[in-house]
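Working notes, beginning with the structure itself.
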Amino acid sequence: MEPPKIWREKRERYLAIGIQCQDCKSKSFPKTSFCTKCSSSNITEYRLATSGKLLNFTKVTSTSKEMNSYAPFFVGIIELDDGIKVTGQIVDCKFEDLQDEMRVRMVFRVLARNGEEGLIRYGFKFTPE
Amino acid sequence: MNKAGIVSYGSYIPRYRIRIEEIAKIWDEDPNELRSQLQVASKSVLGPDEDVATMAVESARNAINRWKGDPQKIGAIYVGSESHPYAVKPTATIVAAAIDAEKELTAADLEFACKAGTAGMQMCLGLVKSNMISYGLAIGADDSQGRPRDPLEYTAGAGSSAFLIGTERVVAEIEGTYSVTSDMPDFWRREGAIFPSHGVRFTGKPAYFQHTVDASKGLLEELGTKPSDYDFATFHQPNTKFPLTVAKMLGFSSEQVEVSLICKDIGNAYSASSMLGLAQILNHANAGDKIFMTSYGSGAGSDAFSFEVTDEIEEVKTYPYNVDHYIQNSEFIDYGLYARYKGLLR
Amino acid sequence: MSNHRVNIIGYGMTKFGEFYEENSSSLASKALMDSINNSVIEKNEIQAAFFGSFVSSSNSQSSIGVNCINECNMSIPVSRIEAGTASGAAAFHQAYLSLLSGLYDCVAVVGTEKLSDYVRNESIERILGATIDSHWEFEMGATLTSLYAILTKAHMKEFKTTLEQLASVPVKNHKNGVHNPNAQFRREISINRFLNAKRISDPIGRFDPATFCDGSSSVILASSDFIEKHTNLETTIPVLGAGQATDNLALHHRTSLTKLLATEYASKNAFKMADLTHSDINVAEVHDSFPIGEILAIEDIGFFAKGEGGKATENGETEINSNITINPGGGLKARGDPFGATGIAQIVEIVEQLSGRAKERQVDNKNYGLTQNVFGTGAMVYVNIFGESEVKR
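Chains as they are written, first to last, in numbering that gives the first Met the number 0: chain A, 0 to 128; chain B, 0 to 345; chain C, 0 to 392.
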């Protein structure tokens with residue numbers, strides 16, 4: 000886990016900050032240099048809605064070393080209340096509890112730990128509302 | 000000058016719980032005896048993807064959302080804990096970034112066993128009263144560790160509580176605060192050690208009880224108040240018996256303390272313990288109520304506080320993600336999963 | 000039209016599997032020498048080589064082509080092309096363009112991968128995580144398998160596709176793989192083994208994904224001018240169409256989860272170039288890294304109507320010598336999936352089929368064949384169309 004990358008992505012991972020185009024008003028996530036719709040560079044930071052609904056989900060039983068100790072965990076595509084879609088984990092629930100369209104809200108969690116001595120990557124996940 | 004005090008507060012308790020019986024079963028101990036000694040039914044356990052920083056952020060966000068103010072106005076963040084995720088690299092900076100309070104502020108991590116959170120409250124109060132900052136955020140958060148089979152294993156829980164201190168829209172004025180500190184080898188953890196060690200019964204009379212009583216009496220004397228002036232009181236909760244005992248020693252009734260007793264469900268939340276008790280009282284308090292709080296941290300010291308609740312409490316009392324929400328939102332796990340979540344499996 | 004300008008004149012591959020004694024370069028050299036010998040041309044007639052490899056640094060060596068060319072005692076320009084799990088097809092595409100441009104008349108394409116060095120639950124998932132949105136899918140917790148699980152669920156939900164229909168994909172492919180001497184797995188597997196397996200990422204079962212392994216594959220491409228000058232060539236399979244398309248990297252940015260748009264666009268382009276339609280194709284090798292991959296492929300290429308792929312597979316409509324033969328070589332599932340080598344191995348299979356040398360797995364009608372190679376969950380797709388011979392056109 001590279002220190003500059005963790006630092007660079009801080010506002011996106013911690014606060015779910017994307018962009019809003021000041022010309023065409025469209026919003027997107029993650030942060031980009033140009034509007035993803037009209038390619039304008041006249042953009043400002045935009046903080047995503049912090050709750051939404053679960054569109055699709057499944058279980059992850061194995062993944063790479065820095066995340067594998069949390070598996071099994073649940074992952075899905077979430078449509079936030081502002082219409083933006085993101086991929087994220089759904090925590091603090093049982094797999095049987097998950098349902099399409101269920102309401103979820105953003106929480107702050109550990110995404111990965113680089114061993115015992117490396118950096119910790121924090122970011123947003125979701126929990127049933 | 001405006002009243003200085005608590006402007007908002009927020010708490011967080013992880014979802015997982017383990018019952019005293021479940022731990023006792025592993026070590027062939029008598030759960031009934033333990034329960035009556037400790038008066039604790041279960042303790043909170045941190046999920047595998049959580050730590051003191053994530054709990055501190057969740058409690059801080061609850062304080063901000065309850066307040067509905069601008070986090071950019073926060074001039075200081077102090078996170079008190081004895082289980083910061085990094086030995087070097089502050090938890091307070093993670094909190095600052097995660098509540099969008101960067102970048103014009105001062106911040107630091109504090110450690111004073113179970114009372115670093117209330118020390119942070121005093122520091123914020125000082126900065127606010129001296130007009131150095133408008134708002135200060137003090138957090139007590141811990142993921143406490145108990146060596147397997149140690150008596151601590153039955154109570155070492157997890158939680159976080161955040162208090163926003165300021166002078167605008169104060170929900171509970173801080174009428175006074177009083178501290179005692181002495182060097183005391185009752186409980187310690189050396190750098191790099193995983194589990195703390197303690198002086199067993201030595202942690203009681205000369206440590207917890209003496210410091211809590213000294214600080215509490217000191218404050219009552221300074222303010223010229225007496226226990227019966229208060230509607231609520233809360234003390235550090237290493238178990239449920241100690242705060243009830245110390246209340247009695249000071250002349251508070253068990254009814255005054257009752258509301259704040261969260262330890263029976265979540266165990267000892269260390270730095271968050273007395274602050275969670277205070278947050279729970281605020282959820283049940285009305286304008287004009289007086290609240291007494293004394294924390295205790297091994298090593299050792301106590302911070303006593305006297306609060307008076309204002310009309311503003313009605314605005315913030317109904318915030319849904321409160322202590323009760325987190326106490327009720329629980330899932331009981333067995334010792335196997337507990338061992339995994341605690342990182343006891345290597 | 001310049002349809003007939005590029006032809007395959009030789010092919011070769013190693014067996015796919017776990018070869019702990021081999022390194023990436025030695026596998027690549029074996030496939031390259033095999034295809035050169037197969038083509039009956041002289042080694043020095045090859046003017047350039049294009050290497051498709053996803054994880055080329057497996058033996059701490061980047062640009063693996065240089066090692067291989069040195070090992071084969073050749074001295075020609077080499078490039079390494081990377082497009083994740085579609086690196087083989089991507090290298091093929093660049094080689095194809097180099098001939099179309101007129102720069103070269105004869106080039107080699109080598110796909111190679113050495114994956115048995117990597118450990119599951121450590122690095123392999125990280126490597127595959129680079130074929131999905133690595134920052135906003137993988138690092139948020141999703142894996143390639145879990146995203147295919149989401150694609151599978153979406154198809155099941157919208158078209159009532161069943162687990163039995165899905166399992167009929169690997170059952171068929173393992174049946175075909177029995178007759179492929181280069182396949183990693185050469186035995187039939189019963190449908191119950193798939194249906195009763197633990198769900199590793201619901202609804203994907205433990206035995207559903209293709210397994211990553213070691214292997215190399217190679218083809219020699221030559222221009223029509225070159226063919227005219229070499230009358231002794233035994234293989235001259237023309238490349239009739241080559242399509243490539245791109246879609247949103249992250250599933251959460253896609254408009255549909257029940258089709259891979261890039262497959263649809265890439266095949267449209269390839270069909271247009273070849274002046275053919277899906278109904279002209281007799282045999283196809285498609286990217287069945289997960290069962291839903293094959294179902295999406297046969298629908299999005301157009302062999303079956305949207306939503307009918309599962310039913311058609313269950314009904315045997317994609318078996319050898321049925322309406323359309325899909326994955327006669329066993330697909331990625333039975334052959335094994337050494338990422339960069341897969342796209343070329345698919346082409347090798349189609350070339351064998353169209354030249355009538357596929358023995359027990361030979362299809363009867365062999366006018367046209369197609370390959371489809373997918374990067375990740377379909378952010379990039381390559382589709383190629385081949386004909387039986389130039390004469391027939």
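Even for Gly, the Cβ is constructed at its ideal location relative to N, Cα and C.
Here P184 (chain B) carries a coil assignment [DSSP, helix/strand/coil].
Counting along the chain, the unbroken beta strand (DSSP E) around P237 (chain C) starts and ends at I236 to T245. Among the residues of the region 6–22 of chain A, those with a Cβ less than 7 Å away from any Cβ of chain B are K9, Y13 and L14, in the order of the chain. When C-beta distances to chain B are compared with 8 Å, the residues of the region 98–125 of chain A below that value are V106, F107, R108, V109, L110, I119, Y121 and K124, in chain order. Separation of I326 (chain B) and I12 (chain B) (C-alpha to C-alpha, rounded to the nearest whole angstrom) is 7 Å.
Under the three-pair Cβ rule at 8 Å, the region 204–222 of chain B counts as touching the region 299–307 of chain B.
A direct Cα-Cα distance of roughly 48 Å separates L54 (chain A) from G9 (chain C).
Cβ-Cβ separation between E112 (chain C) and S52 (chain C): approximately 6 Å, consistent with a contact (criterion under 8 Å). Between the region 322–329 of chain C and the region 199–209 of chain C there are fewer than three C-beta pairs closer than 8 Å, too few to call the two in contact. For N37 (chain C), the three-state secondary structure derived from DSSP is helix. Shown here, K42 (chain B) sits in a strand according to DSSP, grouped into three states. Under the Cβ distance rule, S61 (chain A) counts among the residues neighbouring chain C, one pair being separated by less than 8 Å. For the region 66–91 of chain A, the residues whose beta carbon sits under 7 Å from a beta carbon of chain B are, in order, S68, Y69, V90 and D91. For A52 (chain B), the nearest CB of chain A lies under 8 Å from its own CB, placing it at the interface with that chain. Annotated three-state conformation of E112 (chain C) is strand, per DSSP. Within the DSSP secondary-structure output, K64 (chain A) pairs in no beta bridge. For P3 (chain A), the enclosing alpha helix (DSSP H) starts and ends at P2 to R7.
Put simply, the CB of D99 (chain B) is near chain A, with a gap under 8 Å to one of its CB atoms. In this structure L344 (chain B) is exposed. Its beta-carbon is surrounded by fewer than 16 other beta-carbon atoms within 10 angstroms.
For the pair H235 (chain B) and S272 (chain B), the CB atoms are nearer than the 8 Å cut-off. Under the three-state reduction of DSSP, S252 (chain B) is assigned to coil, being neither helix nor strand. In the three-state DSSP reduction, K305 (chain C) falls in the coil class, being neither helix nor strand. Proximity of K36 (chain A) to chain C, defined by a Cβ-Cβ separation below 8 Å, is not satisfied. When C-beta atoms of the region 185–202 of chain B are compared with those of the region 161–168 of chain B, fewer than three pairs fall below 8 Å, so the two segments do not count as touching. The region 70–88 of chain C makes contact with the region 331–348 of chain C; the number of CB pairs closer than 8 Å reaches 3 or more. Using a Cβ-Cβ cut-off of 7 Å, K26 (chain A) is close to nothing in chain C; its nearest Cβ partner there is about 13 Å away.
With a cutoff of 8 Å on beta-carbon distance, A268 (chain B) and G156 (chain B) are scored as near each other. Between P169 (chain C) and I188 (chain C), the gap from beta carbon to beta carbon is short of 8 Å.
Secondary structure at Y295 (chain B): coil, using DSSP grouped into helix, strand and coil. Closest in alpha carbon position to F18 (chain C), among C:Y95, C:N181 and C:C105, is C:N181. In the DSSP annotation of this structure, the continuous segment of the alpha helix (DSSP H) that includes V212 (chain B) starts and ends at Q209 to L222. Per the DSSP secondary-structure output, I89 (chain A) pairs in a beta bridge with A:F73 and A:F125. Restricting attention to B:K240, B:G125, B:V127 and B:S43, the CA atom closest to the CA of S35 (chain B) is found in B:K240. Listed by position along chain A, the residues whose Cβ is nearer than 7 Å to that of V56 (chain B) are F107. Residue state for N72 (chain C) is assigned as coil, using DSSP reduced to three classes. Taking a 10 Å sphere around the C-beta of Q21 (chain A), we find fewer than 16 other C-beta atoms and assign the residue as exposed.
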